[in-house]
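Reading through the structure tokens given below for one structure.
Numbering (our numbering), first residue to last: 75 to 115.
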């Protein structure tokens, strides 16, 4: 029972982190593309 609770807590903590990392990655990728576009133009 304790093991199951620990797994749920871990999963609940990892999901938001993954979403945050993906969002940040998307933002940085977008900024990088914008910078490249500005530099090339």
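C-beta: ideal position from N, C-alpha, C; glycine also.
- Message: Can you give me the C-alpha to C-alpha distance between residue 100 and residue 106, rounded to a whole angstrom?
- Response: Position 26 of the chain shown holds residue 100. Position 32 of the chain shown holds residue 106. Rounded to whole angstroms, residue 100 to residue 106 spans 10 Å at the Cα level.
- Item | Reduced DSSP secondary structure (H/G/I, E/B, other) of residue 115 | Taking the chain shown and counting its residues from 1, the one referred to as residue 115 is at position 41. The answer is coil: DSSP assigns residue 115 none of H, G, I, E or B.
- Message: Whole angstroms are fine: how far does the CA of residue 108 sit from the CA of residue 119?
- Response: Outside the shown range of the chain (75 to 115) lies residue 119, about which nothing can therefore be said.
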